[in-house]
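Asks:
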Amino acid sequence: MFVRGKIGIDALQNLETCTRDEDCDSSKLCTNGMCVIAGCNEECNVNEICQSKNRTFSCECIPDYSRDSDNKCRRQCSSNEICELNEQCQNGLCTPVVIYSDRCGLNAVGIHAPHKQLCACPRGFGGDPYRHCLKRCETDYECEDSEICHHNLCSNACLPSLKKCSYKQKCEVKNHTVDCLNEPSEYKSCETSGDCDEKSYCAGGQSLCIPLCDPQTCADNEFCHEKTFFSSEQFTLRGISCKCDANPILVHGSRKCHKQCDSDEICEENEYCNHRNWCVPRKH
């Protein structure tokens, strides 16, 4: 008890007396005639520290951090590599990656990838996640009546890439069977690709604007990108490129894209999401 009391007396003896704030050092205020350590009225948030300026105390960002538009302290950056994996460098600050599924294709979902958002087809679906995710199948009868099972995906049998009918014919499907009718086509007439929009080309011999990309143009998990290689008043050359979000792999001599993921739920039942955010087969 004596020791505790002596410590209390020593502490009181070490307190500085004052009559005004200026009698104390900059980290203290004069309270009841004593210089006491002051602080911020409110607890500081993450990445903030309480600092004094002209004896006014406020929560400020720690070094190498600045406030964003939401008044939160974010790490300063010049590239994504400085930020956490779930952040991206925007306007010089590391900000959380926000998922917008409406930026993805039909039936697709937005997922997290290092420093960015990607689109992926959910379990049981495949195709181009930036355009259409199609239901997986083994037979026509697993698909809607107006669809066929093509490359293990339920597809509209009238897709231009499947070439079931001439472009000048009207294509109809019933009970998974295609019927080509000699009726006016739905496609716009053209003389050159310059008469078509940037996502179409003028099919040779058909004089019709045909979409460059459709859900079966590229392989599963690839995304189709329209390109204009050359354009002039007389001639326009357009084409496509099929790309992977991740590096492609070779399976039985053929190129295949990994399905991107941020959890096992995106992958098929016999797959899991590995450390590279790829759906890969489970090891038995």
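Counted the way our numbering counts, the sequence shown spans residues 2 to 285.
Using N, Cα and C, we set each Cβ at its ideal position, and we do this for glycine too.
Here's a check: name, in chain order, each residue in its chain whose Cβ is nearer than 8 Å to the Cβ of S162, leaving out the five neighbours to either side.
Replies: Only D215, Q217, T218 meet the Cβ criterion.
Asks: Among N275, F230, N87, N48, whose alpha-carbon lies nearest the alpha-carbon of C62?
Replies: The shortest Cα separation from C62 among N275, F230, N87, N48 belongs to N48.
Asks: Relative to the alpha-carbon of E199, which residue among R239, E43, K136 has its alpha-carbon at the smallest distance?
Replies: Looking at the Cα atoms, R239 is the closest of the given residues.
Asks: Can you look up D129 in the DSSP assignment and give me helix, strand or coil?
Replies: D129 falls in the strand class under three-state DSSP.
Asks: Excluding sequence positions up to five away, which residues of its chain have a Cβ less than 7 Å from the Cβ of D129?
Replies: Cβ within range, chain order: G106, P216, C219, E223, F224, C225.
Asks: If you draw a straight line from the alpha carbon of D263 to that of T193, how long is it in whole angstroms?
Replies: Cα-Cα distance, rounded: 44 Å.
Asks: Beta-carbon within less than 8 Å of L154's beta-carbon, same chain only, minus the 5 sequence neighbours each way: which residues are those?
Replies: G127, G128, L135, K136, R137, C138, P216, Q217, D221, listed in sequence order.
Asks: Between which two residues does the beta strand (DSSP E) harbouring Q89 extend?
Replies: Segment 88-91, the beta strand (DSSP E) holding Q89.
Asks: Drop a sphere of 10 angstroms on the beta-carbon of G205, count the other beta-carbons inside from all chains shown, and report buried for 16 or more, exposed for fewer.
Replies: So G205 counts as exposed.
Asks: Once the 5 residues before and after D265 are set aside, which same chain residues still bring their CB inside 6 Å of it?
Replies: Excluding residues within five positions, the ones whose Cβ falls inside 6 Å are Y273, C274.
Asks: On a CA-only basis, which of H113, K54, S102 is nearest S133? Give me that one, please.
Replies: Here residue 133 is His; the residue named in the question, Ser, does not match the sequence. Residue S102 is the option with its Cα nearest to H133.
Asks: I'd like to know whether the C-beta of V281 is nearer than 9 Å to at least one C-beta of chain C.
Replies: Chain labels in this structure do not include chain C; a single protein chain is all it has.
Asks: Does DSSP put D265 in a helix, a strand or coil?
Replies: In the structure shown, D265 sits in a helix (DSSP, three-state: H, G or I).
Asks: Leaving out five residues before and five after K29 in sequence, what residues of the same chain have Cβ atoms less than 7 Å from its Cβ?
Replies: Excluding residues within five positions, the ones whose Cβ falls inside 7 Å are C36, V37, I38, A39.
Asks: From S147, C191, L160, pick the residue whose C-alpha is nearest to that of C210; which is it?
Replies: Nearest of S147, C191, L160 to C210, Cα basis: C191.
Asks: Grab me the residues of S201's own chain with a C-beta within less than 7 Å of its C-beta, minus the 5 sequence neighbours each way, in chain order.
Replies: These residues qualify, in order along the chain: C210, I211, P212, L213.
Asks: Report yes if the CB atom of V99 is closer than 9 Å to the CB atom of Q118, and no otherwise.
Replies: Yes, the pair counts as a contact, with Cβ atoms nearer than the cut-off.
Asks: Rounding to the nearest angstrom, what Cα-Cα distance links P97 and K228 in this structure?
Replies: Those two C-alpha atoms are separated by around 32 Å.
Asks: Alpha carbon to alpha carbon, what distance is there between C150 and E269?
Replies: Their Cα atoms are separated by approximately 18 Å.
Asks: When the Cα atoms are used, what is the spatial distance from K284 to H276?
Replies: Answer to the nearest angstrom: the Cα atoms are 15 Å apart.
Asks: In whole angstroms, what separates the C-alpha of Q235 from that of C197?
Replies: Roughly 14 Å separates the two Cα atoms.
Asks: If we ignore side chains and look at the alpha-carbon of each, how far apart do D180 and E145 end up?
Replies: Those two C-alpha atoms are separated by around 16 Å.
Asks: What does the alpha-carbon distance come out to for the pair S27 and C19?
Replies: Going by the C-alpha atoms only, they are around 13 Å apart.
Asks: Tell whether a beta-carbon distance below 9 Å holds between C74 and S67.
Replies: Taking 9 Å as the Cβ cut-off, C74 and S67 qualify as a contacting pair.
Asks: Using 10 angstroms around the beta-carbon of K175, count the other beta-carbons present and answer buried if the total reaches 16, otherwise exposed.
Replies: The residue is exposed, with fewer than 16 neighbouring Cβ atoms inside 10 Å.
Asks: Provide the residue span of the beta strand (DSSP E) that contains H151, from first to last.
Replies: Taken as a continuous stretch (DSSP letters only), the beta strand (DSSP E) holding H151 covers 148-151.
Asks: Look up D215 in the DSSP assignment and say whether it is helix, strand or coil.
Replies: Looking at D215 - three-state DSSP - the assignment turns out to be coil, as it is neither helix nor strand.
Asks: Please name the residue or residues paired with T18 in a DSSP beta bridge.
Replies: DSSP, once it has assigned bridges, lists M35 as partnering T18.
Asks: Buried or exposed: N278, going by 16 or more other Cβ atoms within 10 Å of its Cβ?
Replies: Burial call: buried.
Asks: By Cβ distance, which residues of its chain are closer than 7 Å to P310, with the 5 residues on each side in sequence left out?
Replies: The chain is shown from 2 up to 285; residue 310 falls before or after that span and cannot be answered.
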